[in-house]
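Below is one structure, written out as structure tokens; the observations come after it.
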Amino acid sequence: MILNISTLIPAMSCILYIVFTAFGLYQARKDQFLHSFNLYMLMMTVWSFSSFMMHANTGIYTPLVWNKIMMIGMLGVPITIFHALLDLTKSGKKKIHISLYLGYAIYLILLYLNITGRIVERAWFEGSSFNYKLADGAILAYSLSYLFLIFALIHLTKEIRKAESKSLQLKLMYPIFGVIILLVSVLVNLYEPIGKYPIDILGTTVNAILIFYSIYNYKLMNYSYYVLNGILYFILAMASSAIFYTVLWILTISQEIFKIQSTLSISVILGVLAALIFQPVRKGSLSIIEKLYFGDRFRSFQDLKSFSDSLNSIVDLNTLGELTTKKISDSYQLNWSAMLVLDYSSRNFQIFGWQGLGITLKQSIPFKPEGKLPMEELMSERSHSLIEQKIYPPLSFKIFDKSLTLTPSLILPLKFNTRTNGYLLLGESEERGFYNQMELETLEILSGHCSVSLENAITFERLKNQQLRLQDLNRELTVSRNKLEAFFDGITTPISIQDINYNIVMVNFAATKYFQTSYDELVGKKCYRVFFQREKPCEKCMAQDCLHTQLPFAVEQRREQNNQIFDVHFYPIAVPSGEDKLFLEFFLDITQQKKLQAELIQSEKLAGIGTLASGIAHEINNPLGGILGTAEIMKELLKPDTQLYEYTSDIIQYSETAASVIKDLTSYSRKEKGEIGPVDINMILDSALRLAQRGMDFSRVIIEKDMEELPEIEVNQNGLQQVFMNLIVNAVQSMPSGGTLSITSKKTSYSAMISIKDTGIGIEKEHMDDIFDPFYTTKEPGRGTGLGLSITHQIVTEMGGRIHINSEYKHGTEILVSLPMESSDKSKIRFVNVKDPSEREDVFFIQRKILVGEMGYREETIRREIDEKAYHILAYKGLQPVGTVSCITTQMIDHLPIEDHFEINHLVEGKRCAEIDRLAVLKEERGSIIPMGLMTLAYLYARIEKTESLFLDVFADDQKQVGMYYKLGFQRIGQYSDPSPVEVMILDHKTEYERKKQRMEQFVKPLMSRLVKLLDFDKTAEEKFLIAVDELVTTAGEEGGLKSPPK
């Protein structure tokens, strides 16, 4: 057996052809395949194998026999190449196919010539050299056979000229080179000195490789990874053989040096060598094959595989579509690509991600095809998951108003289980128009991963939409709940929701305030325990009747601890079946109503007695006048030193006393309002005291009077007498065991001050806020209507006065009544700097009335700890407080109140700053000088304190006040919500009114002139403010900040 270059070339070619043929037949079972190429590979296998056996001279048959078998394959190669190239170019011309059939007929003739020995006459070996002699028919046989190679060359050239696609030209270029190489190698056989070598086998091998590469690389035939593996192991076998041969050759040469005679030693050496070289050789060979196979796409292929593995982490549809289409387009140089996703709600496709469509929107867009989509039909017709190119027609569709017509080169279905969620549409490649098998398999893997990610993204999108819907529902539910809670808490009557076992589930704010128990202490407790301090349900409770009949009930219930009477209403609440039944308990305090009913009855009796008293007084006055007149006549007739004269004097004195009592009773029982006129306050006090003494027991009451001489004031005499009468009666009633009643009157700057003070039981602190409310009383039932102080407060207020109570429980009460000295004082406006506690109480009274009552401030924000340190300015109209403002500086506290809501550290650091806070003015006075006066005085105080920056905040919707602050020179620096929007403003410069002399003359000076006249500050404060005013009006036009210039 001869082994040399002449045998190695056909042997290696034979192995390669067997691999091509085997996998070609395997692929033909699964998919469309060029059977002509398999036939060509079969011919080449016969040719190469026979050439190997002929040149190896194995002794199996003669060289001439193997030569004739070789000629069977060699003569069939041209016609099968021609056939394969016709299938490759898909030529359907009839003339060409006739020539193909003619070629196979000629092949049969040539086979006859070969078998009869008319092509090769002899074949033999001389030593190890192969020789052959051609017969007379050789030239004819070669000419006829390889004429088809020329036909193939001409046909390919024409197809290249006609091809407009660059990729098709590249596809046909490799077969042309292969045909030329094959033609040259076969012609060499006609020259016997060279033809004895298997050069023709080498040429046909190169030709086969080029055609196979063209078919495989340009997707003319779908080979799988098995082809690459076959080539890989073929290269590994060749490389390993070469390495082992080299090692054995070295061992043979080194036999004498190493004395290696044992077969075991050689086996160990070869085993170690195999272990060392196999993996590196395999990796290197695979890398070379992949790089040669993919070329410039090798790195893109690796990136695409890595990207495919990373898709599972993407759950956003837009991100998935954008990244996938961009990655595929970049990897394959596509001119366009798009991802279609089925919208199950509308049963239409949406485009999530695209490249090359000329659309710049970063959101999904509707896909509206003009006609029927072919994807579903194509998918149902094919057994594999990839839809190949040129099977489907162009797609025409509209995106908004733009019409597009695109022809996909490949459509990848995105299926999850049996459901197709969408498609990947790939356009033409800018490099070539085909995908090889490896690329298709990679894309199929990518589409599989993308399908899973798409399913995850769709599921995530559904969950996100459900979450948004739940959030909307939750938001609506929260708003509805808040509205219900606000409505529930806004009801001023105590309400509770209870279950069937009388457990309190919920109460409104009025219930917590009314029963003076926190929400947490009420919820979960038994109704009858916390409301009525009982150990079992109330006897008249109708809760169970309400739940049983699902009808409302009402019952009157008394609270034994304080004799309160409630009208309790029960209303059933509808609940789902199986849930614990609930009912609503509505408390209506009718204690005062019951008292009023009793008092009204008593009032009717008193009214009758008053009428009777008036009639009786009239009837008594006549005989009493006769008695008094007769006694005075008798007294004139009697001598002073007689006992009868003394008796007559007693009769006169007693008659005058009786007449005075009747006069006071008649005056007090009059119902007419009376006219306003000059009144002596001290005289009215004496009259009210005498009347009270005649109707009450003063035996244990010590009376102290200290009444200064007062000028007469213009008031209603009857009303004032009723005020004093009510106050004296209340004072005496509060001293059941006796005490001291002090009555004082004096004159102040703007009023007449009357004090009625007792040493009785006093008033508890928790009752102080309610003491002037109608029907409010702390007396036992039947001893008072609760109207006395309410009527007193009303009368004093109508007179332009004020009434104030100072009381200490168990130590007594002092009631101060202030009345304006002059009628003009009732409307006189004055500004005071708050000094004494009563004025501070006026500040908090105005803040509660305006800030809490009108603007929605929380009650707990009134009278903060910081307010005790603030500088307050109060405006009075007459004796009534009508407005207030506070000023807080950084010298008073560590940080300004505004810093709790808004960041101003960068504005206050290292500076003397102040905040104007809590400006509150009664609504009827907001158009007067009072708001501007308060702001101006606060600004002047800031100047006095050498402040550099002045802050304030104001509700954003109070546009009138915001506008006023802008006019004063404040600038907006931000906003916060608590919970309504609040504007934050600053003044750290001179205002326009200060910088411009014209404005100073027209506005500032007149304002200051009016304001100075209204100041009622203490002497020291007034001097400071007057200096600040003087500095303000004399430095007009000068530049500078808020800080006043140094003196």
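Residue numbers (the UniProt record's numbering): 1 to 1047. Backbone N, C-alpha and C fix where the C-beta goes; we use that ideal spot for every residue, glycine too. Being a predicted model, the structure only gives us computed values, none of them experimental.
Beta-bridge partners of residue i, as assigned by DSSP
{"i": "Asn716", "result": "Ile676"}
{"i": "Thr744", "result": "Asp706, Ser755"}
{"i": "His55", "result": "In DSSP, His55 forms no bridge with anything."}
{"i": "Glu808", "result": "Gly812"}
{"i": "Glu556", "result": "Asp567"}
{"i": "Phe1017", "result": "Beta-bridge pairing links Phe1017 to no other residue."}
{"i": "Leu311", "result": "BP columns for Leu311 are empty, so no partner."}
As assigned by DSSP and simplified to three states, the class of residue i
{"i": "Asn348", "result": "strand"}
{"i": "Ile815", "result": "strand"}
{"i": "Ile2", "result": "coil"}
{"i": "Arg858", "result": "coil"}
{"i": "Pro979", "result": "coil"}
{"i": "Leu8", "result": "helix"}
{"i": "Arg840", "result": "helix"}
{"i": "Val46", "result": "helix"}
{"i": "Leu582", "result": "strand"}
{"i": "Pro576", "result": "coil"}
{"i": "Phe566", "result": "strand"}
{"i": "Leu210", "result": "helix"}
{"i": "Asn417", "result": "coil"}
{"i": "Lys639", "result": "coil"}
{"i": "Met696", "result": "coil"}
{"i": "Ser385", "result": "Reliability of the predicted coordinates at Ser385 is poor, the pLDDT of 44 falling under 50, and no value is obtained from them."}
{"i": "Ile411", "result": "strand"}
{"i": "Asn222", "result": "Since pLDDT at Asn222 reaches only 45, below the 50 mark, its modelled position is unreliable, and no value is offered."}
{"i": "Gly625", "result": "helix"}
{"i": "Asp825", "result": "helix"}
{"i": "Gly353", "result": "strand"}
{"i": "Ile590", "result": "coil"}
Closest residue to residue i among the options (Cα-Cα distance)
{"i": "Ala688", "options": "Ile702, Ile676, Glu708, Val729", "result": "Val729"}
{"i": "Ile148", "options": "Tyr104, Ile756, Met173", "result": "Correcting the residue type first, residue 148 is Phe in the shown sequence and not Ile. Comparing Cα-Cα distances from Phe148 to each of Tyr104, Ile756, Met173, the minimum goes to Tyr104."}
{"i": "Lys705", "options": "Ser755, Tyr645, Glu712, Ser577", "result": "Ser755"}
{"i": "Phe487", "options": "Met892, Val507, Glu539", "result": "Val507"}
{"i": "Lys946", "options": "Phe970, Phe1025, Ser977, Phe902", "result": "Phe1025"}
{"i": "Pro881", "options": "Tyr40, Glu714, Gly800, Gly524", "result": "Gly800"}
{"i": "Asp988", "options": "Phe970, Asp978, Tyr976", "result": "Phe970"}
{"i": "Phe82", "options": "Ile180, Ser977, Leu410", "result": "Ile180"}
{"i": "Pro711", "options": "Met753, Val984, Thr792", "result": "Met753"}
{"i": "Leu113", "options": "Phe52, Ala457, Met71, Arg700", "result": "Met71"}
{"i": "Gln544", "options": "Gln557, Asn465, Tyr571", "result": "Tyr571"}
{"i": "Ser868", "options": "Phe844, Tyr876, Thr407", "result": "The amino acid occupying residue 868 in the given sequence is Glu; Ser does not appear at that position. Of the listed residues, the one whose Cα sits closest to Glu868 is Phe844."}
{"i": "Arg848", "options": "Pro837, Lys835, Arg863", "result": "Arg863"}
{"i": "Leu426", "options": "Arg419, Leu443, Thr418, Leu410", "result": "Leu410"}
{"i": "residue 1048", "options": "Phe1017, Lys526, Leu39", "result": "In this structure the chain extends from 1 to 1047, so residue 1048 is not present and cannot be described."}
{"i": "Pro979", "options": "Lys990, Phe955, Val479, Ile973", "result": "Phe955"}
{"i": "Pro837", "options": "Val575, Val852, Thr813, His872", "result": "His872"}
{"i": "Asp958", "options": "Ile944, Glu983, Tyr976", "result": "Glu983"}
{"i": "Arg943", "options": "Met339, Phe1017, Asp1030, Val1012", "result": "Asp1030"}
Cβ-heavy atom distance, residue i to the ligand MN, below 8 Å
{"i": "Glu865", "result": "Absence of the ligand MN from the depicted structure is noted, as is the absence of any ligand whatsoever, leaving it without description."}
Neighbour flag for residue i against chain D, beta carbons, 9 Å
{"i": "Ile754", "result": "No chain D is part of this structure, which consists of one protein chain only."}
Identify every run of the beta strand (DSSP E) within the UniProt domain "PAS" (480–535), keeping only runs that are complete inside it and at least 3 residues long; order them along the chain.
495–499, 504–507
Per the contact definition of three or more C-beta pairs closer than 8 Å, is the region 818–826 in contact with the region 736–752?
yes
Count the C-beta pairs between the region 648–656 and the region 692–701 that are closer than 8 Å, then say yes if the count reaches three, no if not.
no
Which parts of the region 860–937 are runs of the alpha helix (DSSP H), unbroken and 4 residues or longer, counting only runs that do not cross its ends?
905–908
To test your reading of the DSSP string, which unbroken beta strand (DSSP E) runs of 3 or more residues are found completely within the region 93–171?
120–126, 129–134
Looking at C-beta atoms only, is the number of pairs between the region 823–836 and the region 856–868 that lie closer than 8 Å three or more?
no
Tell me, please, whether the region 906–923 touches the region 872–886 by the rule of three or more beta-carbon pairs shorter than 8 Å.
yes
So does the region 490–503 actually touch the region 340–358, counting three or more Cβ pairs closer than 8 Å?
no
Jot down the residue ranges of each uninterrupted alpha helix (DSSP H) in the region 315–340, minimum 4 residues, whole runs only, in chain order.
317–332
Stretch pair the region 451–460 + the region 316–326: three plus CB contacts closer than 8 Å:
yes
Under 8 Å: do the region 466–476 and the region 548–566 share three or more Cβ pairs, one atom per stretch?
no
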